[in-house]
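To start, the structure under review is shown below, and the notes come after it.
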Amino acid sequence: LARTAKPLLEVCRNRQVAVVTTAPIRRRYGAAVRALLQQSGTTPLVISVPDGERAKSLKWASHLYDRLLSAKIERGSTLIALGGGVVGDLTGFVASTYLRGVAFVQIPTTLVAQVDASIGGKTGVNHPKGKNLIGTFYQPKLVYIDVAVLKTLPKRELIGGMAEVVKYGVIADPDLFEYVEQHASELLDYDMTALEYIVDRSARIKAGVVRKDEKEAGLRRILNYGHTLGHAIEAVTGYGRIHHGEAVAIGMQFAAKLSVRLGCCNDEVARRQGQLLNRLKLQAGFYQRVSVRSMLSAMALDKKIIEGRVHFILPERIGQVIVKPVEFKIIKEVLKDFVHEREGK
Ligand SMILES: NC(=O)c1ccc[n+]([C@@H]2O[C@H](COP(=O)([O-])OP(=O)(O)OC[C@H]3O[C@@H](n4cnc5c(N)ncnc54)[C@H](O)[C@@H]3O)[C@@H](O)[C@H]2O)c1
Ligand SMILES: [Zn+2]
């Protein structure tokens, strides 16, 4: 962030700029971003929202509209999201609706935001009835990533982000998967060279998929690998107790087992993926007392169900997946074994 960011300065030149962030991130990185923008003669308005998921609400969106209007931020201005996925989703939503849309830039500061949330243009806020129910598709003009900010990220957040990186390996990139296998301990030690490699690679995969299917008509669905059961686990356990990445890791392991059961891949794929997730410490503390039945009904409520079948993203091998409707009966059977096996550990 301290170095000159030409593309950022080009987007913001001669414009009013508002930076949306949270207090802890502002304390660490606010000054660097401000200094960066001042190189292009811009003094940004900096607005803080509360840290954590509760900021992703219409209430805080409305707060941002108020602040932007009071500061007379105009149509030709730019909103910058400085923070994790929460700040990015909220700011993107406001950018897409404020004055019918103003330019938007992402400066993601978590691993999840750098490899996933900041890319692809999904914005949104939560509703009391569920997560991400209100939102838009709105592409940022620029996603500006500096992996150095990950140095201060808590370990559990880093590990959660690694689940998405493993996901990209399995759905699209065997080399990335192998790289993570070979550098797992460096990655968990915040080795910057290793982090830069996986962030770059993952961001490109996400951008590539979204470029082909922006509005999730087909291909983009593969990004939901591990998320069908993952979302169900999050919903059943009450959002927050099990982190998203941890739930996705469990979901990916289940999808691999399901794939083996359906004859879509061999056992080796599930074994290799499981071993890697273990090394990344993504398998610890699995859902005691989460019943198979509650997970099944959470999946049934999910939008992916069509004619008694759920569309699952299944690995064929490391680097390739297929989307397949799977009968509820089979899901139930494999899930029972899966839970049983894991509780035994
Ligand atoms: N739009 C999308 O495509 C998409 C994709 C994935 C996730 N999401 C959304 O993203 C959100 C989750 O994002 P997240 O995992 O980044 O969580 P987050 O934004 O809540 O950030 C997690 C925590 O890390 C802290 N933090 C951020 N950067 C830091 C840094 N550099 N150093 C120290 N601490 C730092 C934050 O203050 C926060 O407490 C969810 O709301 C999810 O729905 C959106
Ligand atoms: Zn995810």
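Heads up: the sequence shown begins at 145 in the numbering used here, then just goes up one per residue.
Beta carbons are placed, not taken as given, at the ideal position from N, Cα and C, and that holds for glycine.
Local conformation of residue i per DSSP, three classes
i	result
Gln326	helix
Val454	strand
Ala162	strand
Lys468	strand
Tyr192	The sequence given here has Ser at residue 192, not Tyr. DSSP places Ser192 in strand when its eight states are reduced to three.
Arg147	coil
Asn422	helix
Glu460	strand
Ile289	coil
Ala399	helix
Leu226	strand
His387	coil
Asp319	helix
Ser262	coil
Ala361	coil
Gln417	helix
Cys408	coil
Asp333	coil
Arg157	coil
Pro168	helix
Range covered by the beta strand (DSSP E) that runs through residue i
i	result
Asn270	Lys266 to His271
Ser240	No beta strand (DSSP E) holds Ser240; the alpha helix (DSSP H) holding it covers Gly229 to Thr241.
Pro252	Ala247 to Pro252
Gly279	Gly274 to Phe281
Presumed contact (8 Å Cβ cut-off) between residue i and residue j, rounded CB distance
i	j	result
Gly304	Glu390	6 Å
Lys216	Ala247	That belief does not hold up - the Cβ atoms of Lys216 and Ala247 are roughly 17 Å apart, past 8 Å.
Leu452	Glu477	According to the sequence shown, residue 452 is Gly rather than Leu. Not quite, the Cβ-Cβ distance comes to about 15 Å (not below 8 Å), so this is no contact.
Gly227	Thr253	5 Å
Val249	Tyr209	No, Val249 and Tyr209 are not in contact; Cβ-Cβ is about 19 Å, not under 8 Å.
Leu426	Ala400	Actually they are not in contact, since the Cβ atoms of Leu426 and Ala400 sit about 13 Å apart, beyond 8 Å.
Val353	Ile366	7 Å
Tyr282	Thr267	5 Å
Glu197	Val256	No, Glu197 and Val256 are not in contact; Cβ-Cβ is about 12 Å, not under 8 Å.
Val380	Met306	Actually they are not in contact, since the Cβ atoms of Val380 and Met306 sit about 23 Å apart, beyond 8 Å.
N- and C-terminal bounds of the alpha helix (DSSP H) containing residue i
i	result
Thr381	His371 to Thr381
Leu297	Looking at the DSSP string, Leu297 is not in any alpha helix (DSSP H), and its letter there is neither H nor E.
Gly185	Careful: Gly185 lies outside any alpha helix (DSSP H) and carries neither H nor E.
Ser221	Element bounds for Ser221: n/a, residue is neither H nor E.
Lys356	Met336 to Lys356
Asp210	Leu202 to Ser214
Ser435	Taken as a continuous stretch (DSSP letters only), Ser435 belongs to no alpha helix (DSSP H), as it is neither H nor E.
TODO: Flag this pair as touching only if the stretch 452-459 and the stretch 364-379 have three or more C-beta atom pairs under 8 Å; answer yes or no.
DONE: In short, these stretches touch, since the Cβ pair count reaches three.
Open item on the list: Does the stretch 344-355 come into contact with the stretch 461-480, if we say contact requires no fewer than three beta-carbon pairs (one atom in each stretch) closer than 8 Å?
Closed with: no
Open item on the list: Under 8 Å: do the stretch 171-185 and the stretch 149-163 share three or more Cβ pairs, one atom per stretch?
Closed with: Result yes; three or more Cβ-Cβ pairs closer than 8 Å.
Open item on the list: Would the stretch 193-210 count as touching the stretch 225-245 if we require 3 or more Cβ pairs under 8 Å?
Closed with: yes
Open item on the list: Does the stretch 246-260 come into contact with the stretch 298-312, if we say contact requires no fewer than three beta-carbon pairs (one atom in each stretch) closer than 8 Å?
Closed with: yes
Task: Segment contact flag, the stretch 155-169 with the stretch 217-224, C-beta cutoff 8 Å, min 3 pairs - done: yes
Open item on the list: When you compare the stretch 324-332 with the stretch 406-414, are there three or more beta-carbon pairs, one atom per stretch, that lie closer than 8 Å?
Closed with: no
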